[in-house]
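Report on the following structure.
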Amino acid sequence: MIYKTNMIIFPEGDEQEIAHSLHINEMVDLNGNPLSLPISSVKIIAFRVNKINTRQTRNEEIREHHLELIPANELQGYVQ
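Following the working numbering, the numbering of the sequence shown begins with 412 at its first residue and continues without gaps.
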């Protein structure tokens with residue numbers, strides 16, 4: 412039996428396990444939950460998935476979703 416684990420990796424290198432998989436260029440919050448567009452304000456911390464790696468061990472498959480911080484000026488285009 413192979414266990415599947417999803418992780419988000421923040422720009423500083425911190426890791427957090429999440430319950431679901433993400434896609435490239437998907438916008439997420441601090442907990443790895445996808446953001447609903449349009450957003451209400453640019454005063455949020457938002458990340459974008461910019462790389463996905465898969466590591467395998469003997470009984471585990473780990474999907475690593477690497478995040479990049481989205482600057483406020485870029486978030487302005489997503490505000491209602």
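Glycine included, each C-beta is placed from N, C-alpha and C at the ideal position.
Query, Result
"I'd like to know if the segment 446-456 and the segment 418-432 are in contact, where contact means that at least 3 CB-CB pairs between them fall below 8 Å.", "no"
"According to DSSP, what are the bridge partners of Glu423?", "Glu423 pairs with nothing; no bridge assigned."
"As a quick exercise: from Asn470, Ser452 and Pro422, pick the residue whose alpha carbon is nearest that of Ile413.", "Asn470"
"Put Gln487 into one of helix, strand or coil per three-state DSSP.", "helix"
"Go to Thr465, then tell me how far its beta strand (DSSP E) extends in each direction, as first and last residue.", "Phe458 to Gln467"
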